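Beneath this line is the structure, given in structure tokens, with notes to follow.
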Amino acid sequence: MNRNRGLLTAAVPLLLLGACAQPGAAGDKTAGAPVVESTTASADPKQVVLRVEYRGGFVPAELIPSRLPRFTAYADGRLLSEGPVPLIYPGKALPNLQEVRLGPERLRELIAEAVAAGVKTGTDFGMPGIADAPSTRITVVTAGGEQVADVMALNEARPDDGALTKEQNAARKRLTGFLDELDAEFAGSTSPAPAQYRAERVAVLAHPYVDTGDGAGGSPVRWPGPDLPGGYLNEQLKINCLTVEGTAKDAVWAAAEKANERTPWESAGKKWQVRFRPLLPEETGCDSLLRQE
1 MNRNRGLLTA AVPLLLLGAC AQPGAAGDKT AGAPVVESTT ASADPKQVVL
51 RVEYRGGFVP AELIPSRLPR FTAYADGRLL SEGPVPLIYP GKALPNLQEV
101 RLGPERLREL IAEAVAAGVK TGTDFGMPGI ADAPSTRITV VTAGGEQVAD
151 VMALNEARPD DGALTKEQNA ARKRLTGFLD ELDAEFAGST SPAPAQYRAE
201 RVAVLAHPYV DTGDGAGGSP VRWPGPDLPG GYLNEQLKIN CLTVEGTAKD
251 AVWAAAEKAN ERTPWESAGK KWQVRFRPLL PEETGCDSLL RQE
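Residue numbers for the sequence shown follow my numbering, so the first one is 1 and each next one is one higher.
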């Protein structure tokens, strides 16, 4: 298969069908129907039609809100994914979120391939005997409604895991193959090549800076945006968040491009450590990150 076919340089709005339909069970014959049938200017370009994300796992709670989905595809043909990052310490302050553009035919194919790989509500992927591993959640919107596959330890489970049946292992293998297809789709995109995603808004998650004594963060940098740390996103876990947009976002982004993940930021007379989370097209502010908890 030519993985680059259907790539366009401009967004192509798509008509979503069956948006009010109820999710189909694993045997629902409509579940694999194409999500789109024709192009139209009336479709919402921010409609998520496919998403792959990780949930839970042995991850510090304060890191979960800033976690990016592995893939998100939209009705206008945008496919977002985090690109490669250098293996350095400390890492860069900004995530390398990139986008490619898919044509309507290729987007329909991806939906059909996802369903064929088992992304259907009710598919049995089993429960391996592994603790503290994340689950992989894949969601697609089809003419049969929203279909969801939530698979525990998809990457960590071994084929010889006694808690999994032969059929469950086969289902996991098909799903892994689909994710490999998405990886190849993104990495092999050359018409055009992946471009950096420029978010309209950025969520800034801050907590008091802790000096580890290694000097990795460098000298303190004056914070160019609204005063940190913002309001509580999760008061119990002491997770603070503020949303920056417009000229404030541009100033923050420019400063963050020169920083690393350990840079101490000075604001309101204190030093803060900051994680930057570009908000996706359908996300409006810090509250949008609560769905990941």
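Backbone N, C-alpha and C define an ideal beta-carbon position, used for all residues, glycine too. Keep in mind that this is a model prediction, so the values were computed, not measured.
With distances taken Cα to Cα, identify the nearest neighbour of Gly129 among Asn96, Glu156 and Glu266.
Residue mapping note: residue 129 aligns to position 129 of the sequence shown, counting from 1. The candidate whose alpha carbon is nearest that of Gly129 is Glu156.
Could you check the C-alpha separation between Ser267 and Thr139 for me, to the nearest Å?
By 1-based counting over the sequence shown, the position of residue 267 is 267. By 1-based counting over the sequence shown, the position of residue 139 is 139. Spanning the two alpha carbons is a distance of roughly 39 Å.
Checking 8 Å against the spacing of the C-beta atoms, do Phe71 and Leu63 come in under that value?
Here residue 71 is taken as the residue at index 71 of the sequence shown, counted from 1. Here residue 63 is taken as the residue at index 63 of the sequence shown, counted from 1. No. Outside cutoff.
Is the beta carbon of Gly118 closer than 8 Å to that of Ser75?
As a working mapping, residue 75 is identified with position 75 in the sequence shown. As a working mapping, residue 118 is identified with position 118 in the sequence shown. Inspection of the sequence shows that residue 75 is occupied by Ala rather than by Ser. Not closer than 8 Å, so no.
Please go through the same chain and pick out, in chain order, the residues whose beta-carbon is closer than 6 Å to the beta-carbon of Leu97, but skip the five residues on each side of it.
As a working note, residue 97 is residue 97 in the sequence shown. Excluding residues within five positions, the ones whose Cβ falls inside 6 Å are Glu82, Tyr197 and Pro278.
Grouping DSSP H, G and I as helix and E and B as strand, with all else coil, what is Thr39?
Counting from 1 along the sequence shown, the entry for residue 39 is found at position 39. Because the pLDDT of Thr39 is 36, which lies under 50, any placement of that residue in the model is unreliable, and the number read from its coordinates should be weighed accordingly. Strand at Thr39.
Is the region 98-106 close to the region 272-286, with three or more CB pairs under 8 Å?
no
Just how far apart, CA to CA, sit Phe125 and Arg275?
Stepping through the sequence shown from its first residue, residue 125 is reached at position 125. Stepping through the sequence shown from its first residue, residue 275 is reached at position 275. Cα to Cα, Phe125 sits roughly 34 Å from Arg275.
Give the straight-line distance between the Cα atoms of Gln236 and Ala61, rounded to the nearest whole angstrom.
Residue 236 sits at position 236 when you count from the first residue of the sequence shown. Residue 61 sits at position 61 when you count from the first residue of the sequence shown. In a straight line, the C-alpha of Gln236 is about 11 Å away from that of Ala61.
Determine the closest residue to Lys120 out of Arg137, Asp44, Gly56 and Arg158, with distance taken between C-alpha atoms.
As a first step, residue 120 is located in the sequence shown; it is residue number 120 there, counting from the start. Of Arg137, Asp44, Gly56 and Arg158, the residue nearest in Cα terms is Arg137.
Taking the continuous alpha helix (DSSP H) assigned at Leu179, which residues delimit it?
Counted from its first residue, the sequence shown places residue 179 at position 179. Its alpha helix (DSSP H) spans residues Lys166 to Ala187.
What residue range does the beta strand (DSSP E) around Lys270 cover?
Taking the sequence shown and counting its residues from 1, one reaches residue 270 at position 270. Lys270 -> beta strand (DSSP E) spans Lys270 to Pro278.
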